[in-house]
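S.K.: Residue numbering for the first sequence follows this note's numbering, beginning at 107 and increasing consecutively. Glycine is no exception: its CB is placed at the ideal position from the N, C-alpha and C atoms.
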Amino acid sequence: MLVGSIIDVTSPQGRFASGAAVLDGRECYVAEAYGKHLLLHFDGEIFLHIHLGLFGRIRKHKIPAKDPRGAVRVRLVSATHVVDINGPTICEIIERESMEKLICRIGPDLIRDDADPDRAYERISKSRVTIGKLLMDQSEIAGIGNIYRTEILWRQSIHPDTAGRAITRRQFESFWTDAKELLTIGVKRNAIITVDDPPARSRVGERLNIFNKAECPTCAGPIARLKINGRRAFVCVNCQPLVPNKKLRV
DNA sequence: TTGATTGTTACCGG
DNA sequence: TCCGGTAACAATCA
107 MLVGSIIDVT SPQGRFASGA AVLDGRECYV AEAYGKHLLL HFDGEIFLHI
157 HLGLFGRIRK HKIPAKDPRG AVRVRLVSAT HVVDINGPTI CEIIERESME
207 KLICRIGPDL IRDDADPDRA YERISKSRVT IGKLLMDQSE IAGIGNIYRT
257 EILWRQSIHP DTAGRAITRR QFESFWTDAK ELLTIGVKRN AIITVDDPPA
307 RSRVGERLNI FNKAECPTCA GPIARLKING RRAFVCVNCQ PLVPNKKLRV
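1) To the nearest angstrom, how far is it from the Cα of CYS197 to the Cα of LEU158?
2) Going straight from the alpha carbon of ALA339 to that of PHE317, what length do you get?
3) Excluding five sequence neighbours on each side, which residues of the same chain lie with their C-beta closer than 8 Å to the C-beta of MET205?
4) Determine contact between the stretch 220-234 and the stretch 243-253, defined as no fewer than three beta-carbon pairs at a distance below 8 Å.
5) When DSSP builds the beta bridges, which residues end up paired with TYR227?
6) Do ILE334 and ALA320 have their CB atoms nearer than 8 Å?
7) Have a look at LYS239, TRP282 and ARG163 and flag the residue whose alpha-carbon is nearest the alpha-carbon of ARG337.
8) In the DSSP assignment, find the unbroken beta strand (DSSP E) run with CYS190 in it and report its ends.
9) Using a 10 Å radius around the Cβ and a threshold of 16 neighbouring Cβ atoms, would you call ILE169 buried or exposed?
10) Assuming ARG218 is part of the alpha helix (DSSP H), what are its boundary residues?
11) Is the distance from the Cβ of ILE258 to the Cβ of ASP284 below 8 Å?
12) Quick check on LEU146: does DSSP put it in helix, strand or coil?
13) Among the candidates GLY131, HIS187 and LEU332, whose CA atom is the shortest distance from the CA of VAL252?
14) With a threshold of 6 Å on Cβ separation, who are the neighbours of TRP282 within its own chain once the five nearest residues in sequence on each side are excluded?
15) I believe THR268 touches VAL349 by the beta-carbon criterion, under 8 Å. Please report the beta-carbon distance rounded to the nearest angstrom.
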């Protein structure tokens, strides 16, 4: 990520212009991510908080920079590069207190070394909410989005409608390890890859197992389409059976 | 021009 | 208090 000296900050367009000016001339020491939130730490205990949401993009270019493309909210300029932040849901300047509050309300981030899986399991194993919904709740576990949800549950043979409290410790541990590996690959390759051996130059469909597909790569059975919290989800009816748990009553 | 989309939050009602 | 549903917002591309 971006770490180093920012010698200029401009906000060519949009409603964040006044906030961006605060960063002008400050040094940026650390860029850190907590789940899907990005925090850039500047001089004077000032943080630039960014969440890209569904559509946001970060683009890096060498100097000399071209004109900003699209809705650039903040442009960070160093001696050698510019970084444009396009269309984020959140793009704000905050102080340490707000930054700490933010971190507190985010669940353990799968790919951070300081993540505590027990904290996530503690909550999930007590919840009547389905695991499909819990995985997208960033205050439970941070990092998983809509595509990873479908793909990881398929890899773990867990039906998304399984109640959180029906997930066993063993299942959770296996899920955590797998999810962590997949997200780490995703960061490294800058792509969502959930198949074990994707072709070198793959298309989106070749990197995924069942998301947006009709047929299960393992059993060749049909893939069912669901909506969970209004988002598309997919499930293999054979490989991810919904296990009834007689001890649980809903 | 329309629809879909790797996301989040506020608000309301049961 | 918990939980589900809906709307709002965002930018881009096919």
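M.R.: On the basis of the coordinates in this document:
1) 8 Å
2) Annotation: ALA339 to PHE317 spans about 7 Å, alpha carbon to alpha carbon.
3) Once the five neighbours on either side are set aside, the close Cβ partners of MET205 are LEU145, PHE153 and HIS155.
4) Yes, the stretch 220-234 is in contact with the stretch 243-253.
5) Answer is none; TYR227 lacks a bridge partner.
6) No, the Cβ-Cβ distance between ILE334 and ALA320 is not below 8 Å.
7) Closest in alpha carbon position to ARG337, among LYS239, TRP282 and ARG163, is LYS239.
8) The question names Cys, but residue 190 is Asp in the sequence shown. First-last of the beta strand (DSSP E) with ASP190: 187-192.
9) By the 10 Å Cβ count, ILE169 comes out exposed.
10) From DSSP, ARG218 is part of no alpha helix (DSSP H); its letter is neither H nor E.
11) yes
12) strand
13) According to the sequence provided, residue 252 is Asn. The question's Val does not apply to it. For ASN252, the nearest C-alpha among the options comes from LEU332.
14) PRO223
15) 7 Å
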